[in-house]
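Peer 1:
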């Protein structure tokens, strides 16, 4: 994935990456974990580091507005937090699968 931005603000570092195809993408968890581990080496002087990984595809919501899903990871106080911003369609059709996938991602990050 291509790094888009790397910004440090008020002891918080945030890195944005583009793009992943979908969460079924082969080796996505491994790719994210490698990026996180590499980026953490440059985060010694901050209190928290966050990553935003954007999905390639835009989806339309019920209002016909375009929505881009994203995976978010945050490392603070030695703990990882993971979150997925999803479209309403993904919420209705894939919420449980996404939640399981996030659990696997967090498990890989913590090992």
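Numbering (the numbering used here), first residue to last: 390 to 500.
Beta carbons are placed, not taken as given, at the ideal position from N, Cα and C, and that holds for glycine.
As the structure is a prediction and not an experimental result, all values here were calculated from the model.
1. What residue from 456, 428, 463 has the CA that sits closest to residue 495's CA?
2. Thinking C-alpha only, which one of 401, 420, 493 is nearest residue 432?
3. Relative to the alpha-carbon of residue 414, which residue among 444, 472, 476 has its alpha-carbon at the smallest distance?
4. Need the endpoints of the beta strand (DSSP E) that residue 395 sits in, please.
5. Would you say the beta carbon of residue 411 comes nearer than 7 angstroms to a heavy atom of the ligand ATP?
6. When we look at the beta-carbon of residue 486 and count the other beta-carbons within 10 Å, is it buried (16 or more) or exposed?
7. Taking just the CA atoms, how far does residue 416 sit from residue 391?
8. Mapping DSSP to helix, strand and coil, what is residue 425?
9. Which class does residue 483 belong to by DSSP, given the choice of helix, strand or coil?
10. Nearest-angstrom Cα distance between residue 436 and residue 395?
Peer 2: Walking through what the data contain:
1. 463
2. 401
3. 444
4. 391 to 398
5. Looking at this structure, you won't find the ligand ATP or any other ligand, since it has none at all.
6. exposed
7. 16 angstroms
8. helix
9. Assigned with DSSP and collapsed to three states, residue 483 falls in helix.
10. 15 angstroms
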